[in-house]
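Residue numbers (my numbering): 2 to 473.
Cβ coordinates follow ideal geometry from the N, Cα and C atoms, glycine included.
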Ligand code: SAH
Ligand code: SF4
Ligand code: F3S
């Protein structure tokens, strides 16, 4: 999916892209909003909730910054770099604001939650600061800001899931969509800011998830990705006290149609159950791909990180995946240079990568975040050049593993869901197979379109892509 360069990551990979609904009548709205999203898929999903709330208020989306009456930036705090990117963008918005009177600038998301009203002091031309659980309050906050007051709402909620809000799909390919199934996180990984910016974990009503997925299918979508920081701890109890866990939810969503692919992210190694793996095995349309962040291969470091599993536990989960789902792809998140990490710890990370044969990894060097357990308890004592060197070694191992995994696919056939033209030419289609590998193949004379399934025989590969031709 992504070309990886050092600190480039899953959650920052779409940074800087601006999204606007494509299906709206431009004359329907008196005012325009522009929204830019950073961070994880959940933030992108939240921007679609925000778009829906703003549409109700008479704001239509625009991709053109100059045209906007309201400029929103949905932010990420996961690493320092993510916040710096947002700060830089805010200075650019400042210039725009000077030239056009009455334009409002709002900061949404995790940075808003982390810095709260302090952001207003630091970034003078910001008018609104709105945390991830306060988007329903946006209309009131906009009204307040329009009168010249600064507006802040960073209250975290124990039950907000925006279950009843139907997201407005932003810049969608019309084939794949994210569906948020839970919010917040109750884990306390010592390096991580998410529990502070997103609050307590809560699960969304299963019925609203299933109806959103069904609705997407009826609109022509062919793939949903169920999102949560820790999907395996999904647990919803309805009014009748009936409880649903993640395996049951997955089973129900997969039952909507065999033509609707189902993916999910993120699984936590301590929580992923065999029950989930068996549900995956039972449904052809649940993609055989699991994102299983390892973070480190050293037990000592894992303990400092408060990940609550050991390397032995992690390897046993990987073996269960292979046993129950022999063709399942696995990817990971890895952090290089966490507090006190030694060369030996680092070697164990490389070793667990070799063991797990990841198709792909999102790799970072440790970035200390204010307020986290690690920042309060441990010294960020691995020098930057050591962090970077270790990260480069991790990237090198991963590049080789990705290539080896792709080489194995040469000569095999796989089912591909067509997502659109390939990046290089409109003579080729691009899609993904169940294992989440990108597959590119010539369109030739076949009468196919986005959202169709095809069988492709793989004949060549690069480190990031499989190349082949249609056989069916
Ligand atoms: N909930 C997911 C991850 C969310 S954040 C999970 O538990 O796996 C995505 C990734 O960012 C994490 O898996 C971790 O690898 C990385 N990350 C989080 N905090 C970080 C920090 N302070 N420095 C570097 N990387 C970090
Ligand atoms: Fe952060 Fe850990 Fe929660 Fe993931 S599980 S969001 S890494 S605290
Ligand atoms: Fe970033 Fe917040 Fe997601 S910190 S990774 S946008 S939950």
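State yes or no: is the C-beta of residue i nearer than 7 angstroms to some heavy atom of the ligand F3S?
| i | result |
| --- | --- |
| residue 199 | yes |
| residue 155 | no |
| residue 194 | yes |
| residue 214 | no |
| residue 372 | no |
| residue 107 | no |
| residue 111 | yes |
| residue 41 | yes |
Which residue's Cα is closest to the Cα of residue i: the options?
| i | options | result |
| --- | --- | --- |
| residue 121 | 107, 314 and 236 | 107 |
| residue 484 | 291, 344, 246 and 411 | Outside the displayed span of the chain (2 to 473) sits residue 484, for which this structure offers no information. |
| residue 357 | 383, 392, 402 and 387 | 402 |
| residue 128 | 168, 309 and 105 | 105 |
| residue 360 | 293, 117 and 342 | 293 |
| residue 428 | 155, 265, 438 and 447 | 447 |
| residue 308 | 61, 283, 334 and 290 | 334 |
| residue 423 | 451, 404, 405 and 410 | 451 |
| residue 441 | 168, 248 and 471 | 471 |
| residue 459 | 326, 439 and 75 | 439 |
| residue 410 | 368, 383, 443 and 329 | 329 |
| residue 30 | 297, 69 and 50 | 69 |
| residue 33 | 290, 45, 72 and 40 | 72 |
| residue 46 | 90, 213, 89 and 82 | 213 |
| residue 314 | 353, 75 and 219 | 353 |
| residue 296 | 211, 173, 371 and 395 | 395 |
| residue 404 | 101, 125 and 463 | 463 |
| residue 393 | 420, 363, 288 and 76 | 363 |
| residue 336 | 75, 79 and 143 | 79 |
| residue 56 | 301, 425, 169 and 254 | 169 |
| residue 346 | 386, 67 and 301 | 301 |
| residue 139 | 162, 466 and 58 | 58 |
| residue 397 | 408, 385, 431 and 351 | 351 |
| residue 420 | 426, 187, 445 and 453 | 453 |
| residue 85 | 123, 102 and 101 | 123 |
| residue 114 | 196, 81 and 312 | 196 |
Between residue i and residue j, which are expected to be in contact by the criterion C-beta below 8 angstroms, what is the C-beta distance as a whole number of angstroms?
| i | j | result |
| --- | --- | --- |
| residue 433 | residue 417 | 7 angstroms |
| residue 38 | residue 48 | 5 angstroms |
| residue 231 | residue 267 | 7 angstroms |
| residue 262 | residue 286 | 5 angstroms |
| residue 413 | residue 456 | Contact doesn't hold; Cβ gap of about 11 angstroms is too wide. |
| residue 369 | residue 381 | 4 angstroms |
| residue 305 | residue 365 | With 8 angstroms as the limit, residue 305 and residue 365 do not qualify as a contact, their Cβ atoms being about 16 angstroms apart. |
| residue 349 | residue 299 | 4 angstroms |
| residue 228 | residue 399 | Contact doesn't hold; Cβ gap of about 24 angstroms is too wide. |
| residue 257 | residue 291 | Going by Cβ atoms, the distance from residue 257 to residue 291 rounds to 21 angstroms, so no, they are not a contact pair. |
| residue 40 | residue 76 | 7 angstroms |
Is residue i near the ligand SAH, with its Cβ less than 7 angstroms from a heavy atom?
| i | result |
| --- | --- |
| residue 367 | yes |
| residue 334 | yes |
| residue 231 | yes |
| residue 397 | no |
| residue 340 | no |
| residue 86 | no |
| residue 462 | no |
| residue 63 | no |
| residue 318 | no |
| residue 304 | no |
| residue 296 | yes |
| residue 312 | no |
| residue 484 | Residue 484 lies beyond the range of the chain shown here (2 to 473); nothing can be said about it. |
Would you say residue i touches the ligand SF4, meaning its beta carbon is less than 7 angstroms from a heavy atom?
| i | result |
| --- | --- |
| residue 188 | yes |
| residue 44 | no |
| residue 77 | no |
| residue 242 | no |
| residue 284 | no |
| residue 347 | no |
| residue 292 | no |
| residue 269 | yes |
Against chain C, with Cβ distances strictly below 8 angstroms, would residue i count as a contact?
| i | result |
| --- | --- |
| residue 87 | In summary, chain C is missing from the structure at hand, where a single protein chain is found. |
Are three or more beta carbon pairs between the region 363 to 378 and the region 190 to 200 nearer than 8 angstroms?
-> yes
Per the contact definition of three or more C-beta pairs closer than 8 angstroms, is the region 260 to 275 in contact with the region 314 to 327?
-> yes
How do the region 197 to 211 and the region 221 to 241 stand: do at least 3 beta-carbon pairs fall below 8 angstroms, yes or no?
-> yes
With a cut-off of 8 angstroms, do at least 3 Cβ pairs link the region 215 to 227 to the region 174 to 187?
-> yes
Does the pairing of the region 148 to 164 with the region 132 to 139 give three or more beta-carbon distances under 8 angstroms?
-> yes
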